[in-house]
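The structure under discussion appears below in the form of structure tokens.
Residue numbers (the numbering used here), protein chains in the order written: chain A, 1 to 187; chain X, 1001 to 1196.
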């Protein structure tokens, strides 16, 4: 190969490398940001819950993506422990209904369907309590010995509350308990 | 220079042939020319007396070098030579790169590729900055979201503590007790009593 051919080959390789690098630069952030929440193993679809139980929630929380990053940044300023917990959380979802304005039996039926689906997908029962006026079920999704999702379902007919909570991400139950106790004490 | 098969003194000019041959005198004398080129060189050698003279001179020089006793090269000289060789190699690579860049800039099509690539890079950079923009949303929304998170954690913690008596140990054990055991084992392994 003479020097002219060599230079030509180098030119082509240089152009190809630049194009590849640019392609990677575009693909990487788009791929990372485009990862859907429903691909997370600890995610439970709650967006159709209100329609299914034919009730309007009195409290609805959907915190993920950019909002979660902002919350994390806000927490970092005055509560580093909370920020640390949130660093491994991917989403927080809540639906709370007033039992007086909701068909409770319809909700129970839908809940049974939901929990059967959770168990079939590999979720495990963390706790289950059924008393006369209060039922609490908590499920966890465990992957590689780490909790990747938590699902809480509470029927509290004394307070007329029906609550669904899904926390997605790597959850440390000790931290949740400690922080939650602190926050409930501050109320 | 590209040589064509067949008659050496074919379409190429005599000067070009001589330049081609002069570039290969050392290889010819070292007998390291490939077969076809050696044959062409031999034919040219038979036709050109000036080339034959140069080849004879090159062979004489080679003979004298081989006849010399080995001389140890002083370290300072070999180091200096090595440095010079590296410096020349670096300069040549730099010149090659400059040549490539100049060639890229001369070629309109390649300039187009570079311009397109740069435009794509700028777009990707803007998208990246926009999507990861950490400027806060309106403060009340973030504050409310933070309060919602705290409320949720308090709820989960309360539910857990109120119903702690019925938590399934087969689920809790590997997550909580297992971690505690591992921590205790690590502490026990590092204690002086265990290191005797």
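Backbone N, C-alpha and C fix where the C-beta goes; we use that ideal spot for every residue, glycine too. All values reported here derive from a predicted model rather than from experimental measurement.
Check, Outcome
"Please report whether the beta-carbon of residue 47(A) lies at a distance below 7 Å from any beta-carbon of chain X.", "no"
"List the residues of chain A whose Cβ lies closer than 7 Å to the Cβ of residue 1150(X), in chain order.", "183"
"In this structure, how does DSSP classify residue 1166(X) when only helix, strand and coil are distinguished?", "For residue 1166(X), the predicted model reports a pLDDT of 46, less than 50, meaning its position is unreliable; a value from the coordinates is still stated below. Of the three classes helix, strand and coil, the one that applies to residue 1166(X) here is helix, per DSSP."
"Can you pull the chain X neighbours of residue 67(A), defined as C-beta to C-beta under 9 Å?", "1137, 1141, 1142 and 1145"
"Distance check for residue 81(A) and residue 166(A), CA to CA, integer angstroms please.", "20 Å"
"If you count every other CB in all the chains shown that lies within 10 Å of the CB of residue 36(A), and 16 or more means buried, which is it?", "exposed"
"Please check the pair residue 164(A) and residue 68(A), which I expect to be a contact at CB under 8 Å, by giving their CB distance rounded to whole angstroms.", "Residue 164(A) to residue 68(A), Cβ: 19 Å. No contact."
"Considering only residues of the region 41 to 120 of chain A, which uninterrupted beta strand (DSSP E) runs meet the minimum length of 3 residues and lie entirely inside it, listed in chain order?", "59 to 64 and 89 to 98"
"On the criterion of 16 or more Cβ atoms from any shown chain inside 10 Å, does residue 109(A) qualify as buried, or is it exposed?", "exposed"
"Ends of the beta strand (DSSP E) at residue 152(A)?", "146 to 156"
"Compute the Euclidean distance between the alpha carbons of residue 44(A) and residue 1097(X), then round it to the nearest angstrom.", "56 Å"
"Interface residues of chain A around residue 1021(X) at Cβ under 9 Å?", "The contacting residues do not exist; residue 1021(X) stays about 16 Å from chain A at best."
"Below 8 Å CB to CB, which residues in the same chain sit around residue 148(A) once its five sequence neighbours on both sides are set aside?", "40, 41, 42, 141, 142, 168, 169, 170 and 171"
"Three-state secondary structure (DSSP) at residue 997(X)?", "Only positions 1001 to 1196 of chain X appear in this structure, which leaves residue 997(X) out of reach."
"Give me the subset of the region 1066 to 1088 of chain X whose CB atoms are less than 9 Å from a CB atom of chain A, sorted by chain position.", "none"
"Quick check: the region 1053 to 1064 of chain X against the region 1028 to 1041 of chain X, are there 3 or more CB pairs under 8 Å?", "yes"
"For the alpha helix (DSSP H) holding residue 180(A), just list the boundary residues, first then last.", "173 to 185"
"I need the boundaries of the alpha helix (DSSP H) containing residue 1022(X), first residue and last residue.", "1014 to 1022"
"Any C-beta of chain X sitting closer than 7 Å to the C-beta of residue 137(A)?", "no"
"Can you pull the chain X residues whose beta carbon is under 7 Å from the beta carbon of residue 17(A), in chain order?", "Ordered by position in chain X, no residue passes the 7 Å Cβ test against residue 17(A), which lies about 11 Å from the chain."
"Mind checking which residues open and close the alpha helix (DSSP H) that includes residue 1056(X)?", "1049 to 1067"
"Kindly give me the distance between the Cβ atoms of residue 1204(X) and residue 184(A), rounded to whole angstroms, as I take these residues to be in contact under 8 Å.", "Examination of residue 1204(X) is not possible in this model, given that chain X is present from 1001 through 1196 alone."
"Using 8 Å as the cut-off, can you tell me whether the region 98 to 113 of chain A makes contact with the region 173 to 184 of chain A, which would need three or more C-beta pairs spanning the two stretches below that distance?", "no"
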